[in-house]
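**Student:** Numbering (the working numbering), first residue to last: -12 to 399.
The structure that follows is given in the form of structure tokens.
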Ligand code: ARG
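What follows is the structure, encoded as structure tokens:
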């Protein structure tokens, strides 16, 4: 039974004629492929974006969609675009939601919405369907993104709107002879791309228990990581990584390579209880080896090349950026304003950073930049230093003036 409509962008059967389904090939969207045809009596076209999901065979996904009756199945390699226009902004914004999560799932959604709106227009679809539940953030990001980009589109989210539980889905699959894969990951809900992997549900829902070791795909738990550290060099230009160990490469390739190197050392495993948009607290596990390594290096180089005043305000803007991305408001004009500020602040973030990877920790151990504001002659305590120490006492007298006065006033 569908819950009564509460929003203008929802659609009951009979109100739409052609549906574009965001198809991952997982349990939910596989069921939906057939379910929408049955329930809404419409043609269905599918869209699958390749954002670098590890272990997914996109040819197979396409075949699966067509076999289940899709009129057309779009599979688009968007890794380069994702890296250059989405991840790059997150890097410049040192983006970590609540200080821990690099927003890998969150920043993929606006790109999915962009393609969905474009293809819906091209194919004459009047609705977009997706497999999100009514408890998570992705429903917010997808619905908000789609109706912002094209307010005429309707959104169908049957798992949420018809309360399709896993058991209902499995029964439906059996009834309609839809093959569904059973594997050890099926108790979890996962989402992955080159910026990281999110794992939730199943036994992870007990936040007091350590996650089992076998949930990880991109990283080796630190206790099993090599006993010898490995040092890598990242070169940045205007805040964007352009070379790894002196080899220039496209950002998506660099990230994929670094995921393998840093993953081997157990970097970027995050266990957090986060505040979802819809008010829930949820226990989430992330693995994001390249993201954490790059963000560590970027933040360091940014501090090295920016002034004390820039370094004071930047984290405030960064936090707002992360929240807007998390909250599904990528297309709000505020994002444009924040990106303008953040791009400007990154103009001089050019140089090299050396990062040591060792048993779960990425540590910056060296940095250099033609724009570094560090001056050895000024900072050094050795002979030949140029800092005017005689000026310090006058500065301190004025700097502490109000503090001193406030402390001298006796309480009445
Ligand atoms: N909590 C994370 C976020 O909101 C991860 C969501 C993962 N999505 C999923 N379908 N498993 O960005």
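We treat Cβ as the ideally placed atom computed from N, Cα and C, and that holds for glycine.
#1: Under 8 angstroms, with one C-beta from each stretch per pair, do the stretch 27 to 35 and the stretch -1 to 8 reach the 3-pair mark?
#2: Beta carbon of residue 123: closer than 7 angstroms to some heavy atom of the ligand ARG?
#3: Please give the ranges of any beta strand (DSSP E) in the stretch 125 to 173, keeping only runs that are unbroken, at least 3 residues long and fully inside the region.
#4: What is the rounded straight-line gap between the Cα of residue 163 and the Cα of residue 205?
#5: From the DSSP output, in three-state form, read off residue 106 for me.
#6: Could you tell me the distance, in whole angstroms, from the CA atom of residue 48 to the CA atom of residue 15?
#7: Say the cut is 7 angstroms; is the CB of residue 214 nearer than that to a heavy atom of the ligand ARG?
#8: Which term fits residue 241, buried or exposed, when burial requires 16 or more other beta carbons within 10 angstroms of its beta carbon?
#9: Should residue 390 be counted as a contact of the ligand ARG given a C-beta to heavy atom distance under 7 angstroms?
#10: Say the cut is 7 angstroms; is the CB of residue 309 nearer than that to a heavy atom of the ligand ARG?
#11: If the criterion is Cβ atoms closer than 8 angstroms, does the pair residue 55 and residue 26 meet it?
#12: From what residue to what residue does the beta strand (DSSP E) around residue 27 run?
#13: Hey, residue 326 and residue 76: beta-carbon distance below 8 angstroms or not?
#14: Which two residues bound the contiguous beta strand (DSSP E) that contains residue 33?
#15: Using only the alpha-carbon positions, how far apart do residue 336 and residue 219 sit?
#16: If you compare alpha carbons, which of 340, 269, 315 and 309 is closest to residue 284?
#17: In this structure, how does DSSP classify residue 323 when only helix, strand and coil are distinguished?
#18: If residue 301 sits next to residue 293, beta carbons under 8 angstroms apart, how far is it from one beta carbon to the other, in whole angstroms?
#19: I need the boundaries of the alpha helix (DSSP H) containing residue 78, first residue and last residue.
#20: Output the boundary residues of the beta strand (DSSP E) element that contains residue 113.
#21: Between which residues of its own chain and residue 403 is the CB-CB distance below 6 angstroms, once the five residues before and five after are set aside?
#22: Name the two residues that bound the continuous beta strand (DSSP E) containing residue 180.
#23: Return yes when the Cβ of residue 175 is within less than 8 angstroms of the Cβ of residue 187, no when it is not.
#24: Ends of the beta strand (DSSP E) at residue 342?
#25: So which of 39, 221, 320 and 114 has the shortest CA-CA distance to residue 62?
#26: What span of residues does the alpha helix (DSSP H) with residue 302 cover, start to end?
#27: Beta carbon of residue 309, beta carbon of residue 80: below 8 angstroms?
#28: So residue 85 packs on residue 261, CB below 8 angstroms; how close in whole Å?
#29: Rounding to the nearest angstrom, what Cα-Cα distance links residue 395 and residue 134 in this structure?
#30: Using only alpha-carbon positions, find the residue among 93, 70, 72 and -6 that is nearest to residue 311.
#31: Could you give the C-beta distance for residue 281 and residue 228, rounded to a whole number, given that I count them as a contact under 8 angstroms?
#32: Identify every residue that forms a DSSP beta bridge with residue 274.
#33: Buried or exposed: where does residue 255 fall if 16 or more other Cβ atoms within 10 Å of its Cβ makes it buried?
**Tutor:** Quick look at the numbers:
#1: Judged by Cβ distances under 8 angstroms, the stretch 27 to 35 makes contact with the stretch -1 to 8, as three or more pairs qualify.
#2: Residue 123: yes, Cβ under 7 angstroms from the ligand ARG.
#3: Segments of the beta strand (DSSP E) lying fully in the stretch 125 to 173: 141 to 143.
#4: Distance between residue 163 and residue 205, taken at the CA atoms: about 35 angstroms.
#5: Correct three-state label for residue 106: helix.
#6: Taking the straight line from one Cα to the other gives about 13 angstroms.
#7: The answer is no for residue 214.
#8: Answer is buried; the Cβ neighbour count reaches 16.
#9: No heavy atom of the ligand ARG is found nearer than 7 angstroms to the CB of residue 390.
#10: No, Cβ of residue 309 sits at least 7 angstroms from all heavy atoms of the ligand ARG.
#11: In this structure, residue 26 does not lie closer than 8 angstroms to residue 55 by Cβ.
#12: Where residue 27 is concerned, there is no enclosing beta strand (DSSP E), although the alpha helix (DSSP H) around it starts and stops at 14 to 27.
#13: Cβ distance < 8 angstroms, so residue 326 and residue 76 count as in contact.
#14: Counting along the chain, the beta strand (DSSP E) containing residue 33 begins and ends at 30 to 37.
#15: Take the alpha-carbon of residue 336 and the one of residue 219: they are about 18 angstroms apart.
#16: Residue nearest to residue 284 within the set 340, 269, 315 and 309 is 340 (criterion: CA-CA distance).
#17: Per DSSP, reduced to three states, the secondary structure at residue 323 is helical.
#18: A Cβ-Cβ distance of about 7 angstroms is found for the pair residue 301 and residue 293, placing them in contact under the 8 angstroms criterion.
#19: 75 to 79 is the extent of the alpha helix (DSSP H) around residue 78.
#20: Unbroken run through residue 113: none, as it is neither H nor E.
#21: Lying before the first or after the last residue shown, residue 403 is absent from the chain, which here runs from -12 to 399.
#22: Segment 176 to 180, the beta strand (DSSP E) holding residue 180.
#23: The answer is yes: Cβ separation under 8 angstroms.
#24: Looking at the DSSP string, the run of the beta strand (DSSP E) that includes residue 342 is 338 to 345.
#25: Distances from the CA of residue 62 to each of 39, 221, 320 and 114 were compared; the closest alpha carbon is that of 39.
#26: Unbroken alpha helix (DSSP H) run through residue 302: 295 to 313.
#27: At the C-beta level, residue 309 and residue 80 come within 8 angstroms of one another.
#28: Confirmed, about 6 angstroms.
#29: Spanning the two alpha carbons is a distance of roughly 60 angstroms.
#30: Of the candidates 93, 70, 72 and -6, the one whose C-alpha sits nearest the C-alpha of residue 311 is 93.
#31: With 8 angstroms as the limit, residue 281 and residue 228 qualify as a contact, their Cβ atoms being about 6 angstroms apart.
#32: 184 and 256.
#33: Burial call: buried.
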